[in-house]
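With the working numbering, letter number 9 in the sequence shown gets 217, and the count goes up by one each step, no holes. Cβ coordinates follow ideal geometry from the N, Cα and C atoms, glycine included. Model, not experiment: these values are computed from the prediction. Below: one structure, written as structure tokens.
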Amino acid sequence: MRAFPRLIPLVLLLALTGRAVAQEEVQPEAIEIGLSTDSVAITSDFAGTNLTIFGALDNADPLVSRQGRYDIVVVLEGPPRTEVVRKKTRVLGMWINTESVVFRDVPASYSVALTRQPQDITDPASYDRLALRIENIHLRPLDADGNPRTIEEFTAALRQLKQSADLYVENVGGVQFLSRSLFRATLYLAPHVPVGTHKARAFLFRNGTFLRETSAPLVIRKAGLEQTIFQFAHQQSLLYGLFAVLLAMLTGWLGRIIFRRD
Numbered sequence: 209m210r211a212f213p214r215l216i217p218l219v220l221l222l223a224l225t226g227r228a229v230a231q232e233e234v235q236p237e238a239i240e241i242g243l244s245t246d247s248v249a250i251t252s253d254f255a256g257t258n259l260t261i262f263g264a265l266d267n268a269d270p271l272v273s274r275q276g277r278y279d280i281v282v283v284l285e286g287p288p289r290t291e292v293v294r295k296k297t298r299v300l301g302m303w304i305n306t307e308s309v310v311f312r313d314v315p316a317s318y319s320v321a322l323t324r325q326p327q328d329i330t331d332p333a334s335y336d337r338l339a340l341r342i343e344n345i346h347l348r349p350l351d352a353d354g355n356p357r358t359i360e361e362f363t364a365a366l367r368q369l370k371q372s373a374d375l376y377v378e379n380v381g382g383v384q385f386l387s388r389s390l391f392r393a394t395l396y397l398a399p400h401v402p403v404g405t406h407k408a409r410a411f412l413f414r415n416g417t418f419l420r421e422t423s424a425p426l427v428i429r430k431a432g433l434e435q436t437i438f439q440f441a442h443q444q445s446l447l448y449g450l451f452a453v454l455l456a457m458l459t460g461w462l463g464r465i466i467f468r469r470d
């Protein structure tokens, strides 16, 4: 009976040690991404390029990694903008705009890369819940009380227009594991990629179950003379407008003199 009180601290120490070990064993996986630069400068002759994003998994299960049951989806989403979709109808031999729908907070661009085929990563319900992939981007009309059939038609048209302009693209196999924990994602930047603050987002899946998400900002800006004109037009809009009018008048006057017939 005298030895029993001496055993209590030892039992408590073993219990605390076991709890700490258990906590270490159940640490969840995490994902991180890193950009080689926080800004990309494009010039007037920019013809499109691929952007590489590197990342790593923390606390990855070695067995799951060996079996290839980790999947990653990386998205580069452009700044939100207001988009107007118009429908042309032939009236009296002329094509004129007869209907239009305004959408708000539309990603100006959307480039996504996946480790493998989408159906092999997770189910459609998870993509929809996470608003992942082109068909699951939330496109919200400004007038939500409009005709549902018209809204559906114009929403599909907006997606198609973005895809045909290479602003909404999907790259299956664009994410590759370099080791059990390191990966590389290749995303496409269209020739007319919009300037502004873009958001790079990475989603981690294990056996089809979503685990973690992380993000990092990326600024795309114009460079050279085009950037100077762009800044002047936005910062000194009145002077820019007056200069444009004067330049048009001067051009017209010079053209009249050059092509004047004696």
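| request: Out of A364, R312 and L458, point me to the one whose CA is closest to D351's CA. | output: Mapped onto the sequence shown, residue 351 falls at position 143. Of the listed residues, the one whose Cα sits closest to D351 is R312.
| task | Taking E240 and A264 to be in contact with their CB atoms under 8 Å, please state how far apart those CB atoms are, rounded to whole angstroms. | result | Counting from one through the sequence shown, the residue named residue 240 turns up at place 32. Counting from one through the sequence shown, the residue named residue 264 turns up at place 56. Between A264 and E240 the Cβ distance is about 5 Å, and since that is below 8 Å, they are a contact.
| Does DSSP put P326 in a helix, a strand or coil? | The residue given as residue 326 occupies position 118 in the sequence shown. Residue state, collapsed to three classes: helix.
| message | For V229 and Q235, I'd like the C-alpha separation in whole angstroms. | response | Position 21 of the sequence shown, counted from the first residue, corresponds to residue 229. Position 27 of the sequence shown, counted from the first residue, corresponds to residue 235. Note on V229: pLDDT 45, under 50, position unreliable in the model; the coordinate value appears next. In this structure, the CA atom of V229 is about 10 Å from the CA atom of Q235.
| request: May I have the straight-line CA-CA distance separating A458 from F467, to the nearest angstrom? | output: What you label residue 458 is simply residue 250 of the sequence shown in a count that begins at 1. What you label residue 467 is simply residue 259 of the sequence shown in a count that begins at 1. Reading off the sequence, residue 458 comes out as Leu, not Ala. The C-alpha of F467 is placed about 14 Å away from the C-alpha of L458.
| query | Would DSSP call G555 helix, strand or coil? | reply | Given a span of 209 to 470 for the chain in the structure shown, any question on residue 555 remains unanswerable.
| field | For D279: DSSP bridge partner residues | value | Locating residue 279 in the sequence shown gives position 71, where the first residue counts as 1. Assignment of beta-bridge partners to D279 by DSSP yields F413.
| task | Would you kindly check if the distance between the Cβ of V403 and the Cβ of A393 is under 8 Å? | result | Reading the sequence shown from its first residue, position 185 is the one you call residue 393. Reading the sequence shown from its first residue, position 195 is the one you call residue 403. For A393 and V403, no; Cβs fall outside 8 Å.
| field | Run of the alpha helix (DSSP H) containing I261, from where it starts to where it stops | value | Counting from one through the sequence shown, the residue named residue 261 turns up at place 53. Counted as a single uninterrupted DSSP element, the stretch harbouring I261 is not any alpha helix (DSSP H) but the beta strand (DSSP E) occupying residues T257 to D266.
| message | Taking 8 Å as the limit between beta carbons, can you name the residues of its chain near D331, skipping five residues before and five after? | response | Looking up residue 331 in the sequence shown gives position 123. So the list reads G416, once near-sequence residues are dropped.
| query | E291 by DSSP, collapsed to three states: which one? | reply | Translated into the one-based positions of the sequence shown, residue 291 becomes position 83. Reduced to three states, the DSSP call for E291 is strand.
| request: Taking only the alpha-carbon atoms, compute the straight-line gap between R277 and E291 and give it to the nearest angstrom. | output: The residue you call residue 277 lines up with position 69 of the sequence shown. The residue you call residue 291 lines up with position 83 of the sequence shown. Computed Cα separation, rounded: 39 Å.
| query | What three-state label does DSSP hand F451 in the structure shown? | reply | Against the sequence shown, residue 451 aligns to sequence position 243. If DSSP states are grouped into helix, strand and coil, F451 belongs with the helices.
| request: Tell me whether E307 sits in a helix, a strand or coil according to DSSP, three-state version. | output: Position 99 of the sequence shown, counting from 1, holds the residue named residue 307. Strand.
| N-terminal and C-terminal residue of the beta strand (DSSP E) that L395 is part of | In the sequence shown, the residue the question calls residue 395 occupies position 187. Residues L390 to L397.
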